[in-house]
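**Q** My questions all concern the structure below.
Protein chains: 2
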Amino acid sequence: MTDSESEGSLVLAVDCMGGDHGPQVTLPAIEAFLRRRPGVSVLAVGQPEALEAEVARLRRRFGGRIELAPASQVVGMDEAPTSAMRNKKDSSLRVAIEQIKAGRAQAAVSAGNTGALMSIARFVLKTLPGIDRPAIATVLPARGSRVWVLDLGANVDCTAEHLRQFGIMGSLLVSAVEQVERPRVGLLNIGTEDIKGNQVVREAAALLRTTDLNFVGNVEDIYSGQADVVVCDGFVGNVALKTTEGLAQMLALILREEFNRNLLTRLMGLAAYPVLKHFKARVDPRRYNGAVLVGLRGVVVKSHGGADAYAFGQALDRAAEAAAHRLVERIEQKMAGAWPRAASPVTEVSSS
Amino acid sequence: MTDSESEGSLVLAVDCMGGDHGPQVTLPAIEAFLRRRPGVSVLAVGQPEALEAEVARLRRRFGGRIELAPASQVVGMDEAPTSAMRNKKDSSLRVAIEQIKAGRAQAAVSAGNTGALMSIARFVLKTLPGIDRPAIATVLPARGSRVWVLDLGANVDCTAEHLRQFGIMGSLLVSAVEQVERPRVGLLNIGTEDIKGNQVVREAAALLRTTDLNFVGNVEDIYSGQADVVVCDGFVGNVALKTTEGLAQMLALILREEFNRNLLTRLMGLAAYPVLKHFKARVDPRRYNGAVLVGLRGVVVKSHGGADAYAFGQALDRAAEAAAHRLVERIEQKMAGAWPRAASPVTEVSSS
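Those sequence lines, one after another, are chains A and B.
Quick note on numbering: the UniProt record's numbering labels position 251 of the first sequence as 251, and the sequence is numbered without any gaps.
Quick note on numbering: the UniProt record's numbering labels position 111 of the second sequence as 111, and the sequence is numbered without any gaps.
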């Protein structure tokens, strides 16, 4: 899936210290990534003492395609975003994002603290003209396909206009990352009729109909496969995500309990093992790792804190795809052009 | 689990026409219910021509414990609540609820149209003093246990005070239906810290702390088993429910696909069949059928429209439990007594 043409001189800044496992996971993921994407380079950001030896080894193999970008601090996984902003100006998370701002990278990836990543990315990169609030988008499996959902928690009190912007950004994100021409955009609601839902959602549906998006209306079930993008308030999106994770974990637990009931059931599990393994691979959450922070002047991708090297590699791939297909420029152009902006109390930012 | 003492002269009014299957499902469910709960009687509500013969047969078996309550109309599953209110004054759904109002039954059960059921129940029975909005509560499987969730869609724009009332009603519901003394009440939020979530949820957490409920704070995952009751806005609750249903259906579909891949995988499925069957039984949604409309002057239980006789029977049992353990009186007493009411723009209703 490498697209060497568009990846020309693509550089990813990777926060190597973030996440539960730090360099133990990020460096092996980077090595595999450099191997599979010959057109992309990596800036490995973090504490030199933790990275030096391994980066030197990778340089012998990949030459100038990997470089160390020193950062003396690390943002804690539970650290308050305000504290990270104030006291961690030389953190790997922040330095990675600053590489985009400085023009040395087109995308940044971190498995660190979500709140700190969003706050620092907004502060350092700024929001694109016409976008009031950046959003977090992720991809999930869906019937016969997959679905992108946004927002997943960056914005807990959204207006209809915010949801309209999420629809536009989500559509452009899927176009960029998956080269889908007119992604179907749905609005998460508790009924399919227009009269359903709360005030904000009803207004958002009306606004989305005024855009030139391929808006398919209300969607009740994000897993139905009816839409390529599902738009929702960050509170609702986060509940849907946590419900998904919680239910999947509970079902896996119960299934394991049933197969571990006794010797006979264990034998049955053994007999069905190849099928169960294949099933597990199809719904493996690691494949869906890598949430994109959209609406910023740069591509920022958030990996799960607990990601392993395979999962972290997925986040690296997603960042490379988004940057290679110029996600930021697409959103910038769209917001500067065609769409009329809905009346909103927020001051209009003139597009540059 | 029959509690003959408290079921003394308990009567359930059952809408026999509602749901996708009508009398075909409701009557066999009633027969099994009368058999397993010797202390309870049933008013079978619906069109005499559809019910007469079967009710006569049941009367020969159960004597005065079953009686036909005629209703000439049926509310359509997709009919607008306003239309049902205006044009279906003699519907089985409405007549069933009127049995409570008339003192001929203590609870009503219907598999009909949710919106119409809620509207008609509110109109006919009225809301209890101190309760601004009735809510819909259901039980779901959770880790090592089960969890009750409310609201599931009756109220899409809730205030913190509404959520406080849902907490009180949910707690009393679990006490009544399951004889749990101090159910753990959690607030659905997108983080466990107090500062997380939107404005309404943060205020609701503060209000819930002022009650004498066993409030355990924010809950991120309804399936975690951390709470007996999880309180949320109806929009969010409905999204969580639909996400659950959608994900479960998708996973079941993928698992089936994997086992149907070829002859070998089918044989593996056969080998593991007893375990898979047991697993399915444990998470069978039919076991959790029967959502309770709480906050009304009467027990009203909503069955899934597509319920089979087993599932409909679960809804009947839930209604009998709630009525036998005086759910309505418990809520009435609590709201009239101990708890201070939070300031709210809604006019205080004096308790009777």
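Note that beta-carbon positions come from the ideal geometry of N, C-alpha and C, so glycine has one too.
Since the model is a prediction, treat every value here as computed from it, not as a measurement.
For proline 141 (chain A), list the residues DSSP reports as bridge partners.
**A** Note: proline 141 (chain A) sits in a beta bridge opposite A:Arg146.
**Q** So who's on the other strand from phenylalanine 215 (chain B), going by DSSP bridges?
**A** Answer is B:Val185.
**Q** Within 8 Å (strictly less), CB to CB, does proline 345 (chain B) reach chain A?
**A** Here the model assigns proline 345 (chain B) a pLDDT of 41, short of 50, so the residue's position is not dependable, and the following value carries that caveat. So no, proline 345 (chain B) is outside the interface.
**Q** Can you pull the DSSP bridge partners for aspartate 228 (chain A)?
**A** BP columns for aspartate 228 (chain A) are empty, so no partner.
**Q** Measuring only between beta-carbons, confirm whether residue 417 (chain B) sits less than 8 Å from chain A.
**A** Residue 417 (chain B) falls outside the range modelled here, since chain B spans only 1 to 352, and no answer is possible.
**Q** Output the residue ranges of the alpha helix (DSSP H) runs that lie fully inside the region 11–91 of chain B and measure 4 residues or longer, sorted by chain position.
**A** Listed in chain order, the complete alpha helix (DSSP H) runs (minimum 4 residues) inside the region 11–91 of chain B are 23–36, 48–62, 81–87.
**Q** Would you call the CB atoms of glycine 246 (chain B) and isoleucine 100 (chain B) closer than 8 Å?
**A** Going by C-beta atoms, glycine 246 (chain B) is not nearer than 8 Å to isoleucine 100 (chain B).
**Q** Counting only beta-carbon atoms, is methionine 268 (chain B) nearer than 8 Å to chain A?
**A** Closer than 8 Å to some Cβ of chain A, the Cβ of methionine 268 (chain B) qualifies, so yes.
**Q** Pairing CB atoms from the region 178–193 of chain A with CB atoms from the region 261–274 of chain A, are three or more of them under 8 Å?
**A** Segments in contact, no.
**Q** Going by beta-carbon coordinates alone, are glycine 167 (chain B) and glycine 217 (chain B) separated by less than 8 Å?
**A** Taking 8 Å as the Cβ cut-off, glycine 167 (chain B) and glycine 217 (chain B) do not qualify as a contacting pair.
**Q** Would you please state the rounded distance, in angstroms, between the beta carbons of glycine 295 (chain A) and phenylalanine 33 (chain A)? I believe it to be under 8 Å.
**A** Actually they are not in contact, since the Cβ atoms of glycine 295 (chain A) and phenylalanine 33 (chain A) sit about 25 Å apart, beyond 8 Å.
**Q** Between valine 301 (chain B) and alanine 107 (chain B), which are expected to be in contact by the criterion C-beta below 8 Å, what is the C-beta distance as a whole number of angstroms?
**A** At roughly 7 Å, the Cβ-Cβ gap stays under 8 Å, so valine 301 (chain B) and alanine 107 (chain B) are in contact.
**Q** Output, in chain order, the set of chain A residues within a Cβ distance shorter than 8 Å of tyrosine 288 (chain B).
**A** Within chain A, no residue comes near tyrosine 288 (chain B); the closest Cβ sits about 13 Å away, beyond 8 Å.
**Q** Could you give the distance in angstroms between the alpha-carbon of glutamate 49 (chain B) and the alpha-carbon of isoleucine 222 (chain A)?
**A** If I take the Cα positions, the gap works out to 43 Å.
**Q** Closest by CA to alanine 272 (chain B), which one among A:Val275, A:Met268, A:Arg122?
**A** Ranking A:Val275, A:Met268, A:Arg122 by Cα distance to alanine 272 (chain B) puts A:Met268 first.
**Q** Taking DSSP as the reference, what is the three-state secondary structure of threonine 127 (chain B)?
**A** It is a strand residue.
**Q** Considering only the alpha carbon of each residue, which of B:Glu193, B:Ile30, B:Val275 lies closest to phenylalanine 62 (chain B)?
**A** Taking only the C-alpha atoms, the option nearest phenylalanine 62 (chain B) is B:Ile30.
**Q** Our contact map puts residue 355 (chain B) next to serine 171 (chain B) with C-beta atoms below 8 Å; I'd like the distance itself, whole angstroms only.
**A** Examination of residue 355 (chain B) is not possible in this model, given that chain B is present from 1 through 352 alone.
**Q** Determine whether the beta carbon atoms of serine 303 (chain B) and valine 109 (chain B) lie at a separation below 8 Å.
**A** Cβ distance < 8 Å, so serine 303 (chain B) and valine 109 (chain B) count as in contact.
**Q** Does the beta-carbon distance from isoleucine 331 (chain B) to phenylalanine 235 (chain A) come in below 8 Å?
**A** In this structure, phenylalanine 235 (chain A) does not lie closer than 8 Å to isoleucine 331 (chain B) by Cβ.
**Q** When the distance is taken between beta carbons, is alanine 142 (chain A) closer than 8 Å to serine 224 (chain A)?
**A** Yes, Cβ-Cβ distance for serine 224 (chain A) and alanine 142 (chain A) is below 8 Å.
**Q** Which of the three DSSP states is assigned to serine 351 (chain B) in this structure?
**A** Interpretation of serine 351 (chain B) is limited by its pLDDT of 38, a score under 50 that renders its predicted location unreliable; no figure is taken from the coordinates.
**Q** Please identify the residue among A:Leu293, A:Ala206, A:Arg86 whose C-alpha is closest to the C-alpha of arginine 164 (chain A).
**A** Comparing Cα positions, the closest option is A:Ala206.
**Q** What residues in its chain sit with their C-beta under 6 Å from that of aspartate 20 (chain A), if we drop five residues either side in the sequence?
**A** Cβ neighbours of aspartate 20 (chain A) beyond the five flanking positions: Gly305, Gly306.
**Q** Name the chain B residues whose beta carbon is nearer than 8 Å to that of methionine 250 (chain A)?
**A** Neighbours of methionine 250 (chain A) on chain B, chain order: Pro141, Ala142, Arg143, Tyr223.
**Q** If you compare alpha carbons, which of A:Asp317, A:Glu193, A:Asp15, A:Lys280 is closest to alanine 252 (chain B)?
**A** Among A:Asp317, A:Glu193, A:Asp15, A:Lys280, the Cα nearest to that of alanine 252 (chain B) is on A:Lys280.
**Q** What are the partner residues of alanine 248 (chain B), as DSSP defines its beta bridges?
**A** Paired residues: none, contrary to the question.
**Q** Could you check the C-alpha separation between arginine 122 (chain A) and isoleucine 131 (chain A) for me, to the nearest Å?
**A** Near 12 Å, if we compare the C-alpha coordinates of isoleucine 131 (chain A) and arginine 122 (chain A).
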